[in-house]
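Numbering (the working numbering), first residue to last: 75 to 228.
Where is the CB? At the ideal position from N, CA and C, for every residue including glycine.
Beneath this line is the structure, given in structure tokens, with notes to follow.
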């Protein structure tokens, strides 16, 4: 397990009880380096959406837990936010919640000369994702998917 994976798992274990106590859902935790800075991000959600006050309440409690447990060696910036409308589908619950909805799929390599697909999420399992693209079922191996997220319809 990489140091990054370890930090994300430990952070998730600290953050999950806080988020659940508030009645929210923990969507994801990531530890990433951007523009020379490390970021520890927690993404939370609830029906009807997350407010700034929701983020602030979770952020304060999480910050206290991080101070108590101090397991990250690097200096970092901690953020709590909404995952946004275009959040990627990563976990089983993300796929379950998105069944029957329009999704975008981007692949690492071209398939039939294209790397971007859009269709209704029809099925998924631990290894594959199937979308209905205008009546045609198209199945992708998860290892070939660079990104899958809800499509934003205007």
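For this session: Taking the CB atoms as reference points, tell me whether residue 187 and residue 181 lie closer together than 8 Å.
Result: No, the Cβ-Cβ distance between residue 187 and residue 181 is not below 8 Å.
Problem set entry | Length of the line joining the Cα atoms of residue 219 and residue 179 | Between residue 219 and residue 179, the C-alpha separation is close to 7 Å.
Problem set entry | Exposure of residue 85, with buried meaning 16 or more beta-carbon neighbours within 10 Å | Classification of residue 85: buried, given that the 10 Å Cβ count is 16 or more.
Exercise. Roughly how many angstroms separate the alpha carbons of residue 83 and residue 77, rounded to a whole number?
Worked result: If you draw a straight line from the Cα of residue 83 to the Cα of residue 77, it comes to about 10 Å.
Exercise. So who's on the other strand from residue 111, going by DSSP bridges?
Worked result: Beta-bridge partners of residue 111 (DSSP): 108.
Exercise. Leaving out the 5 sequence neighbours to the left and right, which residues in its chain are closer than 8 Å to residue 92 when beta-carbon positions are compared?
Worked result: A distance below 8 Å between beta-carbons, with the five flanking residues on each side excluded, links residue 92 to the following residues of its chain, in chain order: 132, 135, 136 and 139.
For this session: Have a look at 160, 87, 148 and 99 and flag the residue whose alpha-carbon is nearest the alpha-carbon of residue 236.
Result: Given a span of 75 to 228 for the chain in the structure shown, any question on residue 236 remains unanswerable.
Exercise. What does residue 103 pair with, by DSSP beta-bridge criteria?
Worked result: Beta-bridge pairing links residue 103 to 116.
Problem set entry | Where residue 137 sits in the DSSP three-state scheme | Judged by DSSP in its simplified three-state form, residue 137 adopts helix.
For this session: Give me the Cβ distance between residue 192 and residue 207, rounded to the nearest whole Å; I'm assuming they're in contact under 8 Å.
Result: The C-beta distance from residue 192 to residue 207 rounds to 7 Å, short enough to fall under 8 Å.
Exercise. What residue range is occupied by the uninterrupted beta strand (DSSP E) comprising residue 189?
Worked result: That run of the beta strand (DSSP E) goes 188 to 198.
Exercise. Looking only at its own chain, which residues have a Cβ that is under 6 Å from the Cβ of residue 120, when we skip the five neighbours before and after it?
Worked result: The beta carbon of residue 120 sits closer than 6 Å to the beta carbons of 98 from its chain, once the five residues preceding and following it are set aside; these are given in chain order.
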